[in-house]
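Q:
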Amino acid sequence: MLPNAFQVRLQTAAEAVEAHLAAILVDDARPGERRRPVRLMQAMRHAALGGGKRLRPFLTIETGRLCGAPEAAALRAGCAIELVHCYSLVHDDLPSMDDDEVRRGRPTVHRAFDEATAILAGDGLLTLAFDVLADEATHARAEVRGALVAGLARAAGAGGMVGGQMHDLAAEGRFGTAALGEPEIRELQAMKTGAILAFAVRAGALVGEAPADARRHLDTYGAALGAAFQVADDLLDYEGDSAAVGKRTGKDAAAGKATLVAALGPDGARARCAALVDEAIASLVGFGPEADILREAARFVAVRRT
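full-length UniProt numbering puts the first residue of the sequence shown at 1, with every later residue one more than the last.
1) Does A271 have its Cβ less than 7 Å from a Cβ in chain D?
2) Contact defined as beta carbons within less than 8 Å: I believe A269 pairs with D234. What is the distance between those atoms, to the nearest angstrom?
3) Where does M191 land, buried or exposed, given buried means 16+ other C-beta within 10 angstroms?
4) Using DSSP with H/G/I as helix, E/B as strand and the rest coil, what is P107?
5) Quick one, are the C-beta atoms of I293 and R30 less than 7 Å apart?
6) Which runs of the alpha helix (DSSP H) spanning at least 4 residues fall entirely within the segment 13-93, listed in chain order?
7) Check whether the Cβ atoms of H91 and G122 sit closer than 7 Å, and answer yes or no.
8) When the Cβ atoms of the segment 209-227 are set against those of the segment 277-296, are three or more pairs found closer than 8 Å?
9) Going by beta-carbon coordinates alone, are I61 and A13 separated by less than 7 Å?
10) Using 8 Å as the threshold, is the segment 36-55 in touch with the segment 83-97, meaning 3 or more CB pairs across them?
11) Of the choices G146, E115, R106 and E239, whose alpha-carbon is the least far from that of S96?
12) Quick one: residues in its chain with C-beta nearer than 6 Å to the C-beta of R111, no 5 flanking neighbours on either side, listed in chain order?
13) List, from N- to C-terminal side, the beta strand (DSSP E) runs of 3 residues or more that fit wholly inside the segment 131-187.
14) What's the call for P57, buried or exposed, on a 16-neighbour Cβ count within 10 Å?
15) My understanding is that T259 touches I185, with C-beta atoms under 8 Å, so please give their C-beta distance in whole angstroms.
16) Name the residue from R141, D237, R76 and A179 whose alpha carbon lies nearest to the alpha carbon of H20.
17) Would you call the CB atoms of residue 322 and A302 closer than 7 Å?
18) Distance, Cα to Cα, L125 vs L169?
19) Within this structure, are the beta carbons of A200 and L59 separated by less than 7 Å?
20) Less than 8 Å between C-beta atoms, sequence neighbours within five positions excluded: which residues of the same chain meet that for D28?
21) Rounded to whole angstroms, what is the Cα-Cα separation between E209 and R145?
22) Just curious, the alpha helix (DSSP H) that L235 is in, first and last residue?
23) Do you know offhand how far R141's Cα is from C67's?
24) When you compare the CB positions of R215 and A203, do they come within less than 7 Å of one another, or not?
25) Nearest CA to the CA of A23: which residue from R34, M44 and E187?
26) In the DSSP assignment, what residue or residues form a beta bridge with residue 317?
27) Exposed or buried, which one is F175 when buried takes at least 16 other CB atoms within 10 Å?
28) Can you give me the C-alpha to C-alpha distance between N4 and A74, rounded to a whole angstrom?
29) Specify the secondary structure class of P289 as computed by DSSP and reduced to three states.
30) Which residue comes first and which comes last in the alpha helix (DSSP H) that contains G194?
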């Protein structure tokens with residue numbers, strides 16, 4: 001698949017995700033809710049709408065397409081994952097975490113509103129994600145919805161993204177812990193970033209009810225892609241332009257964060273990223289040309305500049 005065709009598919013998915021997120025982040029209360037506070041919903045929309053590549057839901061949509069999933073099911077599952085991703089960004093940006101003032105070229109939620117509202121907006125996005133997955137509109141089969149809920153909870157929780165963030169804080173020396181070596185950094189990144197990206201791929205296979213062998217290969221792809229994404233993100237922080245990236249760069253070194261750029265140097269990190277992309281592409285060998293969009297996604301992760 002040509003890169004420009006990939007970009008068209010990425011943009012098309014982003015537009016569909018934006019429209020669906022806007023439809024569920026409305027002020028009107030849903031059945032079972034009492035009332036949605038206007039300021040809270042404004043902050044949640046600020047966090048979730050109007051920015052980002054939507055790579056995670058794109059991966060769910062495209063993996064779902066590969067596995068024969070209903071289009072609406074893959075879109076809703078992808079949107080739930082994006083809600084969790086957006087919540088994580090809101091909380092990562094807080095003064096007690098990374099203390100960032102700009103995200104996607106706009107003020108972070110705690111700067112645009114206030115810190116308490118930002119915390120609650122993140123909480124709201126996180127819980128809404130599971131509301132979306134549990135809804136029958138996402139998939140007719142309760143077993144599939146249950147697998148989606150459990151999978152996202154584990155990817156996002158103490159053994160995944162949240163636990164990875166805790167390791168990240170420890171690696172900064174906040175708790176008097178020692179600096180991490182390369183194996184520990186790789187585990188940290190597999191939890192903090194890789195787990196959600198890998199689950200975005202798995203979610204597409206789940207809604208497509210793919211056979212076990214196909215899921216295993218897609219799990220390998222998702223794990224390698226997630227690892228490559230984080231190395232590329234570390235390189236962007238090291239050498240990227242803040243205006244182009246849409247957030248502050250150079251902060252990893254300033255905070256003493258554990259990254260593969262710090263552990264391997266920029267050239268070593270680039271080599272590691274390239275090897276991971278090759279691993280992701282190789283895992284799709286049994287899928288034929290129908291998986292070309294996912295192969296191109298792996299290449300895109302390594303060369304992105306925002």
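Ideal Cβ placement from N, Cα and C applies to all residues, glycine included.
A: Per the coordinate set shown:
1) In summary, chain D is missing from the structure at hand, where a single protein chain is found.
2) 6 Å between Cβ atoms; contact.
3) Burial check for M191: the Cβ neighbour count within 10 Å reaches 16 or more, so the residue is buried.
4) If DSSP states are grouped into helix, strand and coil, P107 belongs with the strands.
5) In this structure, R30 does not lie closer than 7 Å to I293 by Cβ.
6) As far as the segment 13-93 is concerned, its whole alpha helix (DSSP H) runs of at least 4 residues are 38-48, 55-66 and 71-92.
7) For H91 and G122, yes; Cβs fall inside 7 Å.
8) Segments in contact, yes.
9) Yes, the pair counts as a contact, with Cβ atoms nearer than the cut-off.
10) Yes, they touch.
11) With distances taken between Cα atoms, S96 lies closest to E115.
12) Within the same chain, R111 has close Cβ partners E101.
13) Taking only runs of at least 3 residues, no beta strand (DSSP E) segment lies wholly in the segment 131-187.
14) Burial check for P57: the Cβ neighbour count within 10 Å reaches 16 or more, so the residue is buried.
15) The Cβ separation is near 7 Å, so the contact holds.
16) Nearest C-alpha to H20 among R141, D237, R76 and A179: R76.
17) A query on residue 322 cannot be resolved here, the shown segment of the chain reaching from 1 to 306 and no further.
18) Using only the alpha carbons, I get a separation of about 23 Å.
19) Yes.
20) The beta carbon of D28 sits closer than 8 Å to those of R36, all from its chain and outside the five residues before and after it, given in chain order.
21) Looking at the backbone, the Cα of E209 and that of R145 are separated by about 11 Å.
22) That run of the alpha helix (DSSP H) goes A212 to E239.
23) R141 and C67: Cα-Cα distance of roughly 16 Å.
24) No. Outside cutoff.
25) By alpha-carbon distance to A23, the top candidate from R34, M44 and E187 is M44.
26) Residue 317 falls outside the range modelled here, since the chain spans only 1 to 306, and no answer is possible.
27) By the 10 Å Cβ count, F175 comes out exposed.
28) For N4 and A74, the distance between alpha carbons rounds to 23 Å.
29) If DSSP states are grouped into helix, strand and coil, P289 belongs with the helices.
30) Per DSSP, G194 belongs to no alpha helix (DSSP H) and is neither H nor E.
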